[in-house]
Structures are given as structure tokens and as C-alpha cells.
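Under our numbering, the residues of the sequence shown are numbered -14 to 369, in order.
From the three backbone atoms N, C-alpha and C, an ideal C-beta is built for every residue, glycine too.
Values in this document were obtained by computation on a predicted structure and should not be read as measured data.
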Amino acid sequence: MTWGPIRRARARLTAEIRDLDEPSPAYGVWACVLSVVLSLGLLVTDVVVSNDIRLAGLSGLGLLATAMLGTRRQAQIAATAVAAVSIAEAVRTPLGRPVLEALSLVTTALFILATLLISRVRIQREQLLAETRAVANAVQNTLLQPFPLTAGALTADGFYLAAQQGARVGGDIYEVVDSPYGVRILIGDVQGHGLAALGAAHAVLTAYREAAFHQPDVVRLTEQMEAALLRYNAAASVDGADMERFVTATVIQARPDGRTTTVVCGHVPHYVVTDGRVSEVAMNEPGLPLGLGPLVGVPRTPLGSTMSPDCVLVLCTDGVTEARDRQGVFFPLPEALQRLAGLPPDALLERLRTALLQHSEGELLADDAAVLVVTAAPVGAPPE
-14 MTWGPIRRAR ARLTAEIRDL DEPSPAYGVW ACVLSVVLSL GLLVTDVVVS NDIRLAGLSG
46 LGLLATAMLG TRRQAQIAAT AVAAVSIAEA VRTPLGRPVL EALSLVTTAL FILATLLISR
106 VRIQREQLLA ETRAVANAVQ NTLLQPFPLT AGALTADGFY LAAQQGARVG GDIYEVVDSP
166 YGVRILIGDV QGHGLAALGA AHAVLTAYRE AAFHQPDVVR LTEQMEAALL RYNAAASVDG
226 ADMERFVTAT VIQARPDGRT TTVVCGHVPH YVVTDGRVSE VAMNEPGLPL GLGPLVGVPR
286 TPLGSTMSPD CVLVLCTDGV TEARDRQGVF FPLPEALQRL AGLPPDALLE RLRTALLQHS
346 EGELLADDAA VLVVTAAPVG APPE
């Protein structure tokens, strides 16, 4: 298990929970001003207008404005409100009715209790939300490591756009492993999207991370990933917890001498950017997705090529190529890459992400979308 993401998530959780009791200074200032103005207005009206009207107790209404503040600030304002009501009652002409005169203090106390209760419930719920979010982030960071990824002489930077609201990962997977046989790059897409696809994604990724280091043959590597997926599907169908899923994937092995071996399992094409030119890496036989191979029995065929030191590999999932605008037009990835081919890799990646979001016009993508930009030169800082 990768402990770094969990430690970072725990640190973020501690900071978030600590901040729950102390909202932003700007909000605190305005809440205090509103509380003080409302309380003083009622107190002045109560003293000036008539001895028969008891408005001082309503000054506790101003405390409701502090329900989003921390408990220490609330206690300070509550003490001030009680003191102000006491002073207001002291300077009034006595009516000889102690019950009525005490009513202001009782009403103020009730407002204080209500405000503290609201604040306590808010903090408890926000703590629960922060804890849930931290656990989800730790799980997601363990499944997919944050960019950039460095292995051997290669660096893979990228971005991930989850289709499900509030999620950071879903059915798309990626990984870069430095093995004794060269750097191995994976990008894949689980059938379906969102958090429902995490189980199959985890099964394939776990098998890949183990086999990528020990398995010398790339085709056998994909077969071991497929076997893990089939075991997952069999267990999921028995439990009734999930549907049987398939996974499209591209696995690239890059040796130090520049020779590459690519196995495509029904995945969308990837591209090579060299000297401002973009070329698609075409497979004569793209192969079947993982999970469907045993149904047909057709062996997967690797493609050998050479990767020059200055070239850039761009890999993606079909959430990119199938992203639509409001008119239903697909995102033109080759054309976008050609426009951006002269940029440095980090700028290319950022501009490509912006272009994809602009194409979808701010709408939530219909499918998870992932992009990897692989270079021989470092892109950004290595992960912790």
C-alpha cells in the first residue's frame, strides 16, 4: 500500500477540521458587525421608546448571525449580549414586575442556546463530511497516484476529469512502472464510468503493478491483467454487486535504447508529437478489450517501434475523443494536438485541458477523461 497519499490526506483532514471552528476572517467580521448592529438597535429602541415594551430580549436574534462562527467567538458575543441586556434593564425605570424584567435575560439565554446548538450540529456535520472526503481522497490517491509520474528516464504528466460529480477518479486508469525490462506505461478505460467502475479498475491496476515488474513479455503482461479482471468479474457476478466489465487498454514498453513495444487492447489510438508534427500510432489489429479475449481466442499482436529522445507521446481515453459540444460534435483531438504541437509539453497539456473543457462548454463530461503526456525530459516536479 502507498502510505504517502494517506499521510497527506490525514494532514489535510486535520487542517480542515481545525478550520471548521474558525471560518474565514471576512465572514467573522461581517457576522459580528451584523450581530452588534442588530443588538444595539433593539437595545436603544427598548430604552428610548417605552417602559412597557421589552425588546432587549430580542437582541439575541443578532446571535443567529454568528451561527457559522467558531464557538470561542460565539461565547464572546454571547457574553457581550448578556451584559448589554443587563445594562439596558438597569437603566430603565423599574416597573415592579420582576418576572417581566427577567424575561429579557431569559429570552437572550434561549437565543444563545439555540445558536450554540445550531453551531454544534453544523460543526459535527462538516467534520463528518471532511472525514468522508479525506477517506475518499486517500483511496483515490492510492488507486491513482497524482501527476506527474517519473519512471526511469521518462516522465508522464497529465490530467483526469471524472464524470461523476464530486469524484476525482472513476473508470479511467493509468500507471508508469520502471521495470527491469524498461519503463512500462499503461492507460486504460473500464466499461462504465464514475465510482461504480472503481472495483474493476483496482483489479486491473493491482495486477498490472505486480506483473509489470516481473513479467518480461508485454503480451503476457496484458494476459495477467485480463485474468485478474475475469476473477473480479466472476466474484462480482456471484455477489450481485457489480456487472461484468471489460477494460480497454494500451500498454507501452520503452527500453533505454529507444525501442518500444506496444500492445493495444481495444483502446483508442495514441499520438506521437515530433518536431511540431503529430502522427497517430496505428495498429493493424487493435485487439480485444481485456475481459473479452477468452471469448474469441485471438492472440494479441505487439507493435514494435522506436521512440526518439525529443518526441512526446500523448495517450488518452475515449472520454476525450467522445466529448461533445452542445451540437453533438466530438472533440477534434488530432486537430487540437496539431495546433499545440509546437508548445512545450507542460503548456501543451494545459492548453489541451482548456480546449477540452471549452469544447464541452462547462458541462459535466459524459464519461471519465484522462490524458497522459509522456516525455524523456522532466515535466514539473516529481511526486512526493
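Taking the continuous beta strand (DSSP E) assigned at residue i, which residues delimit it?
i	result
Val168	Gly167 to Val175
Ala234	Val232 to Ala239
Val258	His255 to Thr259
Val358	Ala354 to Thr360
Gly289	Leu288 to Thr291
Val162	Asp157 to Ser164
Got a sec? Which residues, its chain only, sit under 6 Å from residue i by beta carbon, not counting five neighbours each side?
i	result
Tyr166	Pro201
Ser9	Annotation note: pLDDT 49 at Ser9 (below 50); position unreliable, no value reported.
Met292	Ala239, Gly243 and Thr245
Ala196	Leu206 and Gln209
Trp(-12)	Legend: pLDDT at Trp(-12) = 43, less than 50; position of this residue unreliable, value from coordinates given subsequently. Excluding positions up to five away in sequence, the list is empty.
Pro330	Val297, Val358, Thr360 and Val364
Ala94	none
Gly278	Glu211
Could you give the residue range of the alpha helix (DSSP H) that holds residue i?
i	result
Ala332	Pro330 to His344
Val305	Asp303 to Thr306
Glu270	Run containing Glu270: none; DSSP gives neither H nor E here.
Phe144	Run containing Phe144: none in the alpha helix (DSSP H); it sits in the beta strand (DSSP E), Leu139 to Leu146.
Arg244	It is not in any alpha helix (DSSP H) - Arg244 instead sits in the beta strand (DSSP E) that spans Arg244 to Cys250.
Val281	Gly278 to Val281
Ala326	From DSSP, Ala326 is part of no alpha helix (DSSP H); its letter is neither H nor E.
Ala192	Leu183 to His199
Measuring CB to CB, does residue i end up less than 7 Å from residue j?
i	j	result
His255	Leu300	yes
Val189	Val232	yes
Leu318	Thr306	yes
Leu322	Val263	yes
Leu357	Ile172	yes
Thr235	Val258	no
Ala340	Gly304	no
Glu270	Thr286	yes
Ala136	Val106	no
Leu275	Glu211	yes
Ile158	Ala123	no
Ala326	Gly261	yes
Asp310	His344	yes
Ser164	Phe132	no
State the CB to CB distance for the pair residue i and residue j, rounded to an integer number of angstroms; the pair is presumed to be in contact (CB under 8 Å).
i	j	result
Ala351	Ala182	Going by Cβ atoms, the distance from Ala351 to Ala182 rounds to 14 Å, so no, they are not a contact pair.
Gly177	Arg230	6 Å
Ile103	Val359	Their Cβ separation, rounded to whole angstroms, is 52 Å, which puts Ile103 and Val359 out of contact at 8 Å.
Asp142	His252	20 Å between Cβ atoms; not a contact.
Ala361	Leu139	6 Å
Phe144	Leu334	7 Å
Leu273	Val266	Wrong, their Cβ atoms sit about 18 Å apart, outside the cutoff.
Leaving aside the five residues before and after residue i along the sequence, list all residues of the same chain whose C-beta is less than 8 Å from its C-beta, in chain order.
i	result
Ala213	Ala188, Val189, Thr191 and Ala192
Phe315	Thr306, Glu307, Ala308 and Arg309
By Cβ distance below 7 Å, which residues in the same chain neighbour residue i in space, the five residues on each side in sequence not counted?
i	result
Val203	Val236, Gln238, Thr246, Val248 and Pro287
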